[in-house]
Amino acid sequence: MKAPGFSEAGAPATGCAPPGCPVPCRYLKGGVHSRRGEPARVRILVADDSDTLSALVNDILTAEGHQVDIARTGTEAWELLRSSAYDVILCDVVLPGIDGLRLYQLVAEQRSDVVSRFVLMSGRTEHVRRFAQATGAVFLAKPFQVDELVACVDRCDQLHRNSV
């Protein structure tokens, strides 16, 4: 990976994340935006109150050709889930309003069609790992690498496509 703030060619990149960011600049604004102009492959809801992380995840997944919606609170995420169809949900555990674990439970109770594609994200790994093991939830530990995020979304989408 190139030093943060520089493109693959070594030139300063526009829209790059702060120093120390593990995301290659080719995924950020000013880099690759879509897969050869293809329409969005997967519709994704990202529920995270961190502006920085939400923007990075949005840029990465948009570059992969996906359509991304952002919710800043658990309550906002729940409203979006009730009114829109998503192929994959990426949800931080610590959220204002409804937290990620409760949101997962609501989805399991009322939107069981998407619960297998609901990904919990957290740096509090042990507590969330136990919850994921008990419920069967998908878990992505923070901080994660770009390839881990992309692979997780691809696996969840493949699960969805195989079940339809």
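Each residue of the sequence shown is one higher than the last, beginning at 952 in the working numbering.
Heads up, the beta-carbon is just placed ideally off N, CA and C, and yes, glycines get one too.
None of the values given here were measured: they were computed from a predicted structure.
Candidates the options: closest to residue i by CA position
i, options, result
"T1026", "G1016, G1051 and S1035", "G1051"
"A998", "V1097, L1046, A1059 and D1098", "L1046"
"A1036", "V1019, D1043, V1044 and R1023", "V1019"
"A1030", "L1071, A1092, L1054 and V1039", "As written in the sequence, residue 1030 is Glu, which differs from the Ala given in the question. It is L1054."
"L1110", "A1014, D1038 and V1097", "D1038"
"L1085", "A1059, L1012, P1094 and F1095", "It should be pointed out that residue 1085 corresponds to Ala in this sequence rather than to Leu. The candidate whose alpha carbon is nearest that of A1085 is A1059."
"D1043", "R1106, A1088, H1017 and S1034", "A1088"
"P1094", "A1102, R1075 and R1081", "R1075"
"G1016", "V1070, R1106, T1024 and I995", "I995"
"L1032", "I1011, A1014, T1013 and L1057", "L1057"
For residue i, the residue or residues it bridges with in DSSP
i, result
"R994", "Q1018"
"A912", "Any question about residue 912 goes unanswered here, given that the chain covers just 952 to 1115."
"D1043", "M1072"
Environment of residue i [buried if 16+ CB atoms lie within 10 Å]
i, result
"H1078", "exposed"
"A1083", "buried"
"S1073", "buried"
"N1113", "exposed"
"R1081", "exposed"
"D1098", "exposed"
"A1102", "exposed"
"R1068", "buried"
Test: residue i CB closer than 8 angstroms to a CB of chain B
i, result
"N1113", "Considering every chain present, this structure includes no chain B. It has just one protein chain."
Distance between beta carbons of residue j and residue i, contact taken as under 8 angstroms
i, j, result
"L1041", "V1008", "7 angstroms"
Check your understanding: Taking contact to mean at least 3 C-beta pairs separated by less than 8 angstroms, is the segment 1053-1067 in contact with the segment 999-1012?
Key -> Segments in contact, no.
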